[in-house]
Amino acid sequence: MRIDILTLFPGMFTGPLTESILARAQEAKLLDIHFHDLRTFGLGTYHQVDDSPYGGGVGMVMRADVIVPALEAVVQEGEKGKKGQKRKKGKPWRIYFSPRGKKLKQAKVERLAKREWLILLCGHYEGIDQRIIDGGWIDEEVSIGDYVLTGGELPAMVLIDAIARQIPGVLGKEESAAEESFSASLKRKKEYPHYTRPEEFKSLRVPDVLLSGNHSKIQQWRIDSLK
Ligand code: SAH
13 MRIDILTLFP
23 GMFTGPLTES
33 ILARAQEAKL
43 LDIHFHDLRT
53 FGLGTYHQVD
63 DSPYGGGVGM
73 VMRADVIVPA
83 LEAVVQEGEK
93 GKKGQKRKKG
103 KPWRIYFSPR
113 GKKLKQAKVE
123 RLAKREWLIL
133 LCGHYEGIDQ
143 RIIDGGWIDE
153 EVSIGDYVLT
163 GGELPAMVLI
173 DAIARQIPGV
183 LGKEESAAEE
193 SFSASLKRKK
203 EYPHYTRPEE
213 FKSLRVPDVL
223 LSGNHSKIQQ
233 WRIDSLK
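The numbering of the sequence shown is the numbering used here, which starts it at 13 and goes up by one.
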């Protein structure tokens, strides 16, 4: 899957995308992530990307005449394929992160994981000029929950992490994504609890059924423990 990220702060992604499972997924070419610094599309000597809101009020709004050319350039770059990159044939799915968007759930993560190409636009300050959305340059607004963050970078990392687990080959066998909280096989419920050695820890014992070796009883206990 190709993912293009448009952000004012590409440095924020170091760490989450360069460690552990997400780093491995990129090395294995299962995830192909490209960063685009919105500042490079800014206007004038100061590379201005935002301006004060019409109607007054505090905060700054990211300008349509900066964001739209950036989005278009990223689409074009993906379609053409830079040197040494694969060309994308299908259309990208363009997501803008916003508290006004539809809340992210596992079923949506699974649907997005089937796409070949995502473009993620991270807002900052007060957000982006509404005309970017109304003009059709965004396919979907996504919220990661009913609270307000300083920018769309953390939501982008949350989405990429959740999607990556669904891409075949990203998780090893040991980490399989099939039987997890909110998966269809657990009827979208929350998973049963887990225990490991020792059998007794500070006088807290592992439930007897899990030590019984009786697989159908264990299965039943796990089903009953779903929330
Ligand atoms: N003025 C906006 C908040 C802007 S927060 C409002 O009141 O709704 C700045 C940026 O952070 C947003 O443009 C968005 O990209 C991101 N953001 C903040 N909270 C978010 C959330 N819960 N889900 C997704 N993106 C979020």
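Backbone N, C-alpha and C fix where the C-beta goes; we use that ideal spot for every residue, glycine too.
Shortest alpha-carbon distance to Arg106 belongs to which of Ser224, Ser215, Arg14 and His227?
As a working mapping, residue 106 is identified with position 94 in the sequence shown. Among Ser224, Ser215, Arg14 and His227, the Cα nearest to that of Arg106 belongs to Arg14.
Output needed for Arg200: all residues of its chain with C-beta closer than 6 Å, excluding positions within five of it in sequence on either side, in chain order.
The residue labelled residue 200 in the question sits at position 188 within the sequence shown. In chain order, Phe194 place their CB closer than 6 Å to the CB of Arg200, counting only its own chain and leaving out the 5 sequence neighbours on each side.
Just list the beta strand (DSSP E) runs in the region 35-60, keeping only unbroken ones of 3 residues or longer that don't cross its boundaries, in chain order.
Complete beta strand (DSSP E) runs here, min 3: 44-49.
How close, in whole Å, do the beta carbons of Ile156 and Val170 come, if the pair is a contact with beta carbons under 8 Å?
Sequence index remark: in the sequence shown, residue 156 carries index 144 (1-based). Sequence index remark: in the sequence shown, residue 170 carries index 158 (1-based). Yes, Ile156 and Val170 are in contact; Cβ-Cβ is about 5 Å, under 8 Å.
To which residues of the same chain is Arg75 closer than 7 Å at the C-beta, ignoring the five residues directly before and after it?
Mapped onto the sequence shown, residue 75 falls at position 63. Excluding residues within five positions, the ones whose Cβ falls inside 7 Å are Val61, Asp62, Asp63 and Asp141.
Heavy atom of ligand 1 less than 8 Å from the Cβ of Pro22, yes or no?
Along the sequence shown, one-based indexing puts residue 22 at 10. False, no ligand heavy atom lies under 8 Å from that Cβ.
So, at 6 Å on beta carbons, what are the nonlocal neighbours of Glu122 in its own chain, with the 5 sequence-adjacent residues on each side left out?
Translated into the one-based positions of the sequence shown, residue 122 becomes position 110. Cβ neighbours of Glu122 beyond the five flanking positions: Gln178.
Endpoints, alpha helix (DSSP H) assigned at Glu89
By one-based count along the sequence shown, residue 89 stands at place 77. Ala76 to Lys92 is the span of the alpha helix (DSSP H), which, as asked, contains Glu89.
Taking Asp77 as the reference, give the member of Ala35, Arg143, Lys94 and Leu116 with the closest Cα.
Locating residue 77 in the sequence shown gives position 65, where the first residue counts as 1. Selected option, being the one with the closest Cα: Arg143.
According to DSSP, residues forming a beta bridge with Val121:
In the sequence shown, counting from the first residue as 1, residue 121 sits at position 109. The bridge partners DSSP lists for Val121 come to none.
Within 8 Å, do at least three Cβ pairs link the region 97-111 to the region 145-156?
A contact between stretches requires three or more CB pairs, one per stretch, nearer than 8 Å, and the region 145-156 meets this requirement with the region 97-111.
N-terminal and C-terminal residue of the alpha helix (DSSP H) that Asp141 is part of
One-based indexing of the sequence shown puts residue 141 at position 129. First-last for Asp141: undefined, no H or E at that position.
Less than 9 Å between the beta carbons of Glu138 and Met24, yes or no?
Along the sequence shown, read from residue 1 onward, the residue named residue 138 stands at position 126. Along the sequence shown, read from residue 1 onward, the residue named residue 24 stands at position 12. No Cβ-Cβ contact shorter than 9 Å links Glu138 with Met24.
Would you tell me roughly how many angstroms separate the C-alpha atoms of Leu18 and Phe53, rounded to the nearest one?
Here residue 18 corresponds to residue number 6 of the sequence shown, with the count starting at 1. Here residue 53 corresponds to residue number 41 of the sequence shown, with the count starting at 1. Pairing Leu18 with Phe53, the inter-Cα distance amounts to about 10 Å.
If Asp16 sits next to Val86, beta carbons under 8 Å apart, how far is it from one beta carbon to the other, in whole angstroms?
The residue given as residue 16 occupies position 4 in the sequence shown. The residue given as residue 86 occupies position 74 in the sequence shown. About 5 Å separates the two Cβ atoms, so the contact holds.
Indicate, with yes or no, if ligand 1 has a heavy atom lying under 8 Å from the CB of Glu187.
As a first step, residue 187 must be located in the sequence shown, where it is residue number 175. Glu187: no, Cβ never under 8 Å from ligand 1.
With 16 as the cutoff for other CB atoms within 10 Å, does Ile172 come out buried or exposed?
If you number the sequence shown from 1, residue 172 lands on position 160. With 16 or more other Cβ atoms within 10 Å, it is buried.
Can the beta-carbon of Lys202 be found closer than 9 Å to that of Leu238?
As a first step, residue 202 must be located in the sequence shown, where it is residue number 190. As a first step, residue 238 must be located in the sequence shown, where it is residue number 226. The answer is yes: Cβ separation under 9 Å.
Just the C-alpha distance for Tyr204 and Lys94, rounded to the nearest angstrom, thanks.
Walking along the sequence shown from the start, residue 204 turns up at place 192. Walking along the sequence shown from the start, residue 94 turns up at place 82. Between Tyr204 and Lys94, the C-alpha separation is close to 47 Å.
Work out the CA separation of Thr26 and His136 for me, nearest whole Å.
Locating residue 136 in the sequence shown gives position 124, counting from the first residue. Locating residue 26 in the sequence shown gives position 14, counting from the first residue. Going from the Cα of His136 to the Cα of Thr26 covers about 18 Å.
What do you get for His48, buried or exposed, if any count of 16 or more other CB atoms within 10 angstroms of its CB means buried?
For the purposes of this step, residue 48 is identified with residue 36 of the sequence shown, where counting begins at 1. Buried is the call here.
Span separating the alpha-carbon of Ile230 from that of Cys134:
If you number the sequence shown from 1, residue 230 lands on position 218. If you number the sequence shown from 1, residue 134 lands on position 122. Looking at the backbone, the Cα of Ile230 and that of Cys134 are separated by about 45 Å.
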